[in-house]
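Residue numbers (the UniProt record's numbering): 1 to 784.
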């Protein structure tokens, strides 16, 4: 591709040249070339050549085309070898042409003459650029990762940088009016160089790099969750920051001799590089004093240490004494204090080393130093360094004392073979990954199996707990990532990814999930939706639910619509609504807040407490039209107001039996459905109005005995249905407090109240028996 003013020129694999308008994204021109005669390999735009581009071919010829008129301007015969790079020089009419045989030719296009010629000894030139700060220097990059600076005045090599990249230099560009150069490569790195060396050469100024081969292991290493460790197939270990890439750091590659590798870093091949890292464990408690990271390598029994504080490989190589050939280290864990690392091996041995000195500090087992009959599949320690837990190919989970490990003090026989383990020390939970694609959860305090999760249909690659040990996240070769709810032992989330997840790590703060995938160079971060959105987790059956497939992020971002800008699609699911009553046999509480029913009996106390200390004074109201006395001065006639006040009388209504709207509705009830309509009406009223309605049922307050009887029948309906249990109790308490004397004097109300009492006693006795049972069980567990 070549930016060309307001257009973009591209050439595809079918040897078709297309020009697009950047503004309206429309196709401006299309040219098709014959691959047998002229297969395009390079393109550039010579300065001052208006509407013209220079095309290079694999046949060695070059052509100048006018893209405005779609006409061929001139053809250069070339040098009978493929053209790999064409780059305009700062001088007008001069273009640098790199050939497949290693030659670099500076050619004048106007006169079709060669100005000068260089030979590149390190293979084919992959990229080329000129310094643009007034110094006549040409810079070339090779397929072997070397960079060469050429002095154009002396026509010789000025300086060179060997192994600037570990792979082919894909791009090289010098900055305008700056002594800076930027290069990138297939080793997943971007580097900035500055020309300030005495011989005119360049040195590395800044760099951004990742793994040159796909990472296979990722782990969070700090309590804040901002930094994580990523190990790749290129034997390197990187520190990656989840907030900004500025804080990303490379800890280098694992080497048998770090100092010698550092001296020979300019060589193309470092034969001291160790195999890729397969297992990783860290503890930052003593990171300032000594190494805090321990790692295992593919096919090796030797473990290495790393310093997170110094951002480099450590000095210690952890080797057990008298280890036979062919043995490999299979698992490891760094203790919570950061002083020791426990390593398991394929021959069944488990050894303990000191992280500070790297010395061997003991082993677990008695007969031939074997802890298991077969390979050790997992090793973990508890929070207080009191116990070591190991699991082996003999399907046994063994518990050892940390200090004296001659024999295990408890052995748990497993039904399935275990492939790996993961321990959450704060909660004392140990997860075992079984070879039958299931996960077993063990409580290391009680030393019993407490949960089992089944659902994966492929090999489980990695598992991890969340910060509260409520969830267990697992990834499998079936391209799924599952989240299991530990208390309920149910699958609550599952989704497909394009490539199987090889490793995952949950942030200590619970906000991110970091994953690595097959064939992907990056580490992917997944946000926890529970932190910013309302998500209702419910059990999922993967056999009946359509599992969503999520795409991994890439660099090709589609342009959003204008109306979608600023809007975040959270993928909202329909909100789960619980039924009003799960079962008629269960007592169901209402959805009313406690302020609506808790203080109904104490409203008089609440009103007295909220009463102002000084009484409110009401100003004397005056009539709008005041009578006046006929005189020269304006005077009001107040005698008529006094006389009218003497003759005023209080008008009392003849009937005091007027019912309220709620009381009339209550009297007209004939069935349970009508009574429930009255209950819904009461729910919508405030506590003060509810109190006033119950008080107004008295005969001397405008009510009647019939209203009071219907109210008791309504409460009996609520109690028999087991719905709104606490509302019925609160309404009944206020009713009895207000109308006790009237009920005692009326036989019809007493009979109705007895029926209400029978329903309430029956419901409460059943609830009370369950409460007493739970209290007794909890008390018995506390006394154990």
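By construction, the Cβ of each residue, glycine as well, lies at the ideal position given by its N, Cα and C atoms.
What you are looking at is a predicted structure, and each value in this text was computed from that prediction instead of being measured.
Query raised in the report: Does the distance from the CB of residue 238 to the CB of residue 230 come in under 8 Å?
Result: yes
**Report entry** Residue burial classification, residue 780 (beta-carbon count within 10 angstroms, cutoff 16)
**Finding:** exposed
Query raised in the report: What first and last residue would you give for the alpha helix (DSSP H) that runs through residue 751?
Result: 747-782
Report task. For residue 260, collect the residues of the same chain with a Cβ closer than 7 Å to its Cβ; drop the 5 residues on either side in sequence, then sort them by chain order. Result -> 272
Query - Rounded C-alpha distance that separates residue 743 from residue 750 - result: 6 Å
Query raised in the report: Counting along the chain, where does the beta strand (DSSP E) carrying residue 239 start and finish?
Result: 236-241
Report task. Could you check if residue 311 is buried or exposed, using at least 16 other CB atoms within 10 Å of its CB as the buried criterion? Result -> exposed
Requested in this report: Give the straight-line distance between the Cα atoms of residue 318 and residue 361, rounded to the nearest whole angstrom.
Outcome: 11 Å
**Report entry** Inter-residue Cα distance where the pair is residue 599 and residue 756
**Finding:** 22 Å
Query raised in the report: So is residue 773 buried or exposed if we call it buried at 16+ other beta carbons inside 10 Å?
Result: exposed
Query - Contacting residues, own chain, Cβ-Cβ under 6 Å from residue 247 (five flanking each side not counted) - result: 241
Query raised in the report: DSSP state of residue 247, grouped into three classes?
Result: helix
Requested in this report: Count the other CB atoms, across all protein chains shown, that sit within 10 Å of the CB of residue 531; report buried if there are 16 or more and exposed otherwise.
Outcome: exposed
**Report entry** For residue 479, the three-state DSSP class (helix, strand or coil)
**Finding:** coil
Query raised in the report: Across which residues does DSSP place residue 360 in a beta bridge pair?
Result: 353
Query raised in the report: What does a CB cutoff of less than 7 Å around residue 735 pick up in its chain, not counting 5 residues either side in sequence?
Result: 694 and 711
Query - DSSP-derived helix/strand/coil call for residue 739 - result: helix
Report task. Would you mind listing the alpha helix (DSSP H) stretches within the stretch 257-338 that are 4+ residues and don't spill past its ends, in chain order? Result -> 258-263
Requested in this report: Measure the C-alpha to C-alpha separation of residue 669 and residue 537 and round it to an integer number of angstroms.
Outcome: 42 Å
Query raised in the report: What span of residues does the beta strand (DSSP E) with residue 420 cover, start to end?
Result: 418-424
Query - Nearest residue (CA-CA) to residue 15, options 79, 42 and 769 - result: 42
Query raised in the report: Helix or strand or just coil, what does DSSP make of residue 88?
Result: strand
Requested in this report: With DSSP as the reference, label residue 602 as helix, strand or coil.
Outcome: helix
Requested in this report: Classify residue 177 as buried or exposed, calling it buried when 16 or more other Cβ atoms lie within 10 Å of its own Cβ.
Outcome: exposed
Query raised in the report: What's the C-alpha gap between residue 392 and residue 372?
Result: 6 Å
Report task. Classify residue 676 as helix, strand or coil using the three-state DSSP reduction. Result -> helix
Report task. Less than 8 Å between the CB atoms is what I'm expecting for residue 766 and residue 581, so what's the real figure, rounded? Result -> Residue 766 to residue 581, Cβ: 16 Å. No contact.
Report task. Consult DSSP for residue 216 and reduce its assignment to one of helix, strand or coil. Result -> strand
Query raised in the report: With 16 other CB atoms within 10 Å as the buried threshold, where does residue 631 fall?
Result: The predicted model places residue 631 with a pLDDT of 49, which falls under 50 and marks its position as unreliable; any figure quoted below should be read in that light. Exposed: under 16 other Cβ atoms inside 10 Å.
Query raised in the report: What do you get for residue 349, buried or exposed, if any count of 16 or more other CB atoms within 10 angstroms of its CB means buried?
Result: buried
Query raised in the report: Which same chain residues, not among the five before or five after residue 410, have their C-beta less than 7 Å away from its C-beta?
Result: 399 and 447
Query raised in the report: Who are the Cβ neighbours of residue 804 in its own chain at under 7 Å, not counting the five residues just before and after it?
Result: Any question about residue 804 goes unanswered here, given that the chain covers just 1 to 784.
Requested in this report: Just mark residue 650 as buried or exposed, buried being the case when its beta carbon has 16 or more other beta carbons within 10 Å.
Outcome: Below a pLDDT of 50, predicted positions are generally treated as unreliable, and residue 650, at 47, falls in that range; the measurement from the model is reported next regardless. Looking at its Cβ environment, which holds fewer than 16 other Cβ atoms inside 10 Å, residue 650 is exposed.
Report task. Report yes if the CB atom of residue 433 is closer than 8 Å to the CB atom of residue 460, and no otherwise. Result -> yes
**Report entry** Residues near residue 403 by beta carbon distance below 8 Å, same chain, minus five either side
**Finding:** none
**Report entry** Assigned exposure category for residue 276 - 16 Cβ within 10 Å defines buried
**Finding:** buried
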